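K.L.:
Once you've had a glance at the structure underneath, I'll fire off some questions.
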Amino acid sequence: MVTIGSTLEDIMKLDDASREMLLEILQKRQIEARRDDIARNAKISFKEYHSGKTTPVTADEAIKKLEAL
């Protein structure tokens, strides 16, 4: 079974340049995954707005609602 610990041990066996490259690749993939999440959430939000499930509010109204939580 592959675990985070065993994976980290394998990574530490790589040379410095390879570890740096791996770190850069992981960071870029994480950024892309976050962008995909944001885009997916935006599509859902627009769909809900256009179907009437949500209504626009001002920034002040949104802050008041958040403070009431």
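Per my numbering: the sequence shown = residues 4 to 72.
No residue lacks a Cβ here, since even glycine has one placed at the ideal position from N, Cα and C.
Keep in mind that this is a model prediction, so the values were computed, not measured.
According to DSSP, is leucine 26 part of a helix, a strand, or is it coil?
P.N.:
helix
K.L.:
Pull up the distance between the alpha-carbon of arginine 43 and that of isoleucine 28, whole angstroms please.
P.N.:
Distance between the alpha carbons of arginine 43 and isoleucine 28: 22 Å.
K.L.:
Within this structure, are the beta carbons of glutamate 51 and threonine 58 separated by less than 7 Å?
P.N.:
No, these two residues do not count as a Cβ contact at 7 Å.
K.L.:
For the putative contact between leucine 26 and leucine 17, defined by C-beta atoms under 8 Å, what is the C-beta separation to the nearest angstrom?
P.N.:
Their Cβ separation, rounded to whole angstroms, is 11 Å, which puts leucine 26 and leucine 17 out of contact at 8 Å.
K.L.:
My guess is that isoleucine 14 and arginine 22 are in contact by the Cβ rule of under 8 Å, so how many angstroms apart are they, rounded?
P.N.:
6 Å
K.L.:
Looking at the structure shown, is aspartate 19 part of a helix, part of a strand, or coil, going by DSSP?
P.N.:
helix
K.L.:
Work out the CA separation of glycine 8 and isoleucine 66 for me, nearest whole Å.
P.N.:
42 Å
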